[in-house]
Amino acid sequence: MTSGDKRFRRPAREQRRVVITGLSNITPVGNTAADSWQALINGRSGITRVTQFDPTDHSVQIAGEVKDFP
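As numbered in this note's numbering, residues 135 to 204 make up the sequence shown, in order.
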């Protein structure tokens, strides 16, 4: 696709507006936007030893797992 290729662009009259109604995230450092933000500004890492299974037989034993999420 070139910069002048209009096959994938909507004509101006068909463009739609987007409304963001909230902010949330599920991350290794928090399950809410507020918790994740606090972890980031405090320099807390979500990288720890794997706990969801026994990683003994794997060469990598650390990961960023999501915690306390059903």
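All C-beta atoms, glycine included, are put in the ideal place defined by N, C-alpha and C.
Nonlocal neighbours in the same chain, by C-beta distance under 6 Å from residue i, ignoring five residues either side
i: Gly198; result: Pro162, Gly180, Ile181
i: Asn165; result: Phe203
i: Pro189; result: Gln195
Per-residue burial, residue i [other beta carbons within 10 Å of its own, 16 or more giving buried]
i: Ser158; result: exposed
i: Ser193; result: exposed
Beta-bridge pairing of residue i - partner residues as DSSP gives them
i: Arg183; result: Ile196
i: Gly164; result: Thr161
Chain-order list of residues whose beta-carbon lies under 8 Å from that of residue i (same chain, five-residue window excluded)
i: Leu174; result: Val163
Residue-chain proximity (residue i, chain D), Cβ-Cβ < 8 Å
i: Arg143; result: Included in the structure is just one protein chain, with no chain D present.
7 Å CB neighbourhood of residue i in its chain, flanking five on each side removed
i: Thr185; result: Glu199
i: Ala167; result: Leu157, Ser158, Asn159
Residue i (DSSP reduced to helix, strand or coil)
i: Gln149; result: coil
i: Asp202; result: coil
beta-carbon residue i near the ligand MG non-hydrogen atom, thresh 7 Å
i: Asp169; result: The ligand MG is absent from the structure shown, which contains no ligands of any kind.
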